[in-house]
Amino acid sequence: MRTWTLDIAAPDWKEAPEADAVCAALMAGYLVAVPTETVYGLAADATNGTACAKIFAAKGRPQFNPLISHVQTLDAALEHGVFDERALALAEAFWPGPLTLVVPKRPDSTISDLATAGLQTVALRVPVGPVMRFLAEKTGRPLAAPSANRSGKISPTRAEDVVADLGPSLSFVIDAGACAVGIESTIVGLVDGTPRLLRPGGLAREDIERVLGQSLQGASPDMRPDAPAAPGMLTSHYAPDAAMILNASEVNTADGLLSFGADRLPGADRAQAEFNLSPAGDLAEAAANLFRAMRFLDAKGVRVIKVQFIPSFGLGEAINDRLRRAAAPRD
Ligand code: TXA
Ligand code: MG
1 MRTWTLDIAA PDWKEAPEAD AVCAALMAGY LVAVPTETVY GLAADATNGT ACAKIFAAKG
61 RPQFNPLISH VQTLDAALEH GVFDERALAL AEAFWPGPLT LVVPKRPDST ISDLATAGLQ
121 TVALRVPVGP VMRFLAEKTG RPLAAPSANR SGKISPTRAE DVVADLGPSL SFVIDAGACA
181 VGIESTIVGL VDGTPRLLRP GGLAREDIER VLGQSLQGAS PDMRPDAPAA PGMLTSHYAP
241 DAAMILNASE VNTADGLLSF GADRLPGADR AQAEFNLSPA GDLAEAAANL FRAMRFLDAK
301 GVRVIKVQFI PSFGLGEAIN DRLRRAAAPR D
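FYI, the numbering for the sequence shown is 1 to 331, going by the numbering used here.
Okay, here's the thing in structure tokens:
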């Protein structure tokens with residue numbers, strides 16, 4: 001594995017010699033860890049089924065869940081998906097950005113069946129993070145990329161998290177520092193008459209509903225390949241080693257504490273380790289810190305992480321979704 005460390009604020013990172021080497025690796029079907037504004041992605045050429053199979057093997061994903069394909073522009077996305085008026089409106093309003101659109105797959109799309117898990121639909125995203133867009137443009141390939149963590153573990157927001165989890169599977173890791181949003185993209189399904197929120201994420205539901213002029217419905221079972229079989233049950237995901245207790249009312253000695261805002265829980269000062277997601281109570285800051293905070297408390301070796309109440313509006317919906325999954329019973 002080689003590391004390409006770059007500063008996206010510097011004007012000339014695209015001219016670095018590593019840029020050619022990374023593109024050659026992708027074209028040859030190897031895996032590259034690529035930063036985006038949400039989380040680090042485990043990227044492969046989406047048109048190459050063998051390369052996509054390596055993603056599932058590296059992650060240890062039990063099933064072939066469909067992957068998000070990343071492209072550089074809306075025009076590039078139109079080569080792979082059928083965009084109705086609503087999809088176009090959302091793409092124009094929020095791309096590049098932390099929004100993934102699931103739309104009908106074009107019959108002539110070059111994206112492999114393995115990337116879409118054989119579905120007639122395709123998940124497409126134009127990220128803000130310029131590295132993924134640059135690589136898609138330079139290779140001329142859509143890039144399939146799930147979060148660069150082993151299945152069921154915490155998503156990576158820094159290159160060192162990726163290396164610790166997946167290093168041996170990678171030909172390259174591109175290190176551009178910490179991800180600004182810190183939580184995965186919001187996924188919206190636009191495949192039938194009903195716009196559906198398939199996964200809350202880094203773009204708030206309220207912003208999407210404002211552009212659509214209607215509210216988002218929940219996922220229907222056939223739209224959620226990774227959904228639990230029994231309604232009401234949550235798949236364990238994003239799990240730290242410690243047990244998680246949400247909406248805690250008090251903190252005991254030896255607990256880890258994931259706090260939020262300025263209010264202190266009873267016993268907070270007894271915590272063995274604490275991470276405040278946002279002392280100012282800012283949900284965007286809390287989202288950006290969430291996965292790093294879980295890793296930090298886990299590394300302290302606490303057996304229980306107590307989580308303070310976090311409101312569910314705006315990005316709070318995605319934060320609470322990830323926390324509920326982290327707290328769900330594990331296999
Ligand atoms: O922010 C993100 O979205 C990150 C970065 C790397 O872009 N990627 C990411 O990918 O979170 P991943 O593989 O962890 O999540 C992809 C999810 C799948 O589990 C599935 O639920 C949904 O996207 N998905 C993909 N294609 C779909 C489809 N055709 N229909 C329904 N859901 C789909
Ligand atoms: Mg993931």
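Backbone N, C-alpha and C fix where the C-beta goes; we use that ideal spot for every residue, glycine too.
- Mapping DSSP to helix, strand and coil, what is residue 13? Residue state, collapsed to three classes: helix.
- Task: For residue 293, collect the residues of the same chain with a Cβ closer than 7 Å to its Cβ; drop the 5 residues on either side in sequence, then sort them by chain order.
- Result: The residues are 258, 275 and 277.
- Query: Skipping 5 residues on each side, what residues in its chain have a beta carbon closer than 6 Å to that of residue 79?
  - Reply: Excluding five sequence positions before and after residue 79, none of the CB atoms of its chain fall closer than 6 Å to its own CB.
- Per DSSP, the bridge partner or partners of residue 70: Among the bridge pairs identified by DSSP, residue 70 is matched with 125 and 143.
- Nearest-angstrom Cα distance between residue 254 and residue 166? About 30 Å.
- Task: Grab me the residues of residue 178's own chain with a C-beta within less than 7 Å of its C-beta, minus the 5 sequence neighbours each way, in chain order.
- Result: The residues are 157 and 158.
- Query: On the three-pair Cβ rule with 8 Å, is the segment 143-163 touching the segment 56-74?
  - Reply: Look at the beta carbons and you see the segment 143-163 touching the segment 56-74: at least three pairs across the two are nearer than 8 Å.
- Message: With H, G and I counted as helix, E and B as strand and the rest as coil, what does DSSP make of residue 274?
- Response: Correct three-state label for residue 274: strand.
- Is residue 96 near the ligand TXA, judged by its Cβ being under 6 Å from some heavy atom? No, Cβ of residue 96 sits at least 6 Å from all heavy atoms of the ligand TXA.
- Contacting residues, own chain, Cβ-Cβ under 8 Å from residue 212 (five flanking each side not counted): The residues are 86, 89, 90 and 195.
- If you check the beta carbons only, do residue 176 and residue 131 fall under 7 Å apart? Yes.
- DSSP-derived helix/strand/coil call for residue 163: When secondary structure is reduced to three states using DSSP, residue 163 falls in the helix class.
- What residue range is occupied by the uninterrupted alpha helix (DSSP H) comprising residue 56? Unbroken alpha helix (DSSP H) run through residue 56: 49-59.
- Looking at C-beta atoms only, is the number of pairs between the segment 10-23 and the segment 180-192 that lie closer than 8 Å three or more? Because the criterion of three Cβ pairs below 8 Å is not met, the segment 10-23 and the segment 180-192 do not touch.
- With a 10 Å radius around its C-beta and 16 neighbouring C-beta atoms as the bar for buried, classify residue 140 as buried or exposed. Residue 140 is exposed by the Cβ-count criterion.
- Query: Is the beta carbon of residue 102 within less than 6 Å of some heavy atom of the ligand TXA?
  - Reply: Yes, the Cβ of residue 102 comes within 6 Å of a heavy atom of the ligand TXA.
- Message: According to DSSP, is residue 324 part of a helix, a strand, or is it coil?
- Response: Look at residue 324 here: in three-state DSSP terms it is helix.
- Going by DSSP, which residues form a beta bridge with residue 2? Answer is 172.
- Task: Assuming residue 300 contacts residue 273 (C-beta within less than 8 Å), just tell me the rounded distance between them.
- Result: So it is a contact: roughly 4 Å between Cβ atoms.
- Going by DSSP, which residues form a beta bridge with residue 118? Beta-bridge pairing links residue 118 to no other residue.
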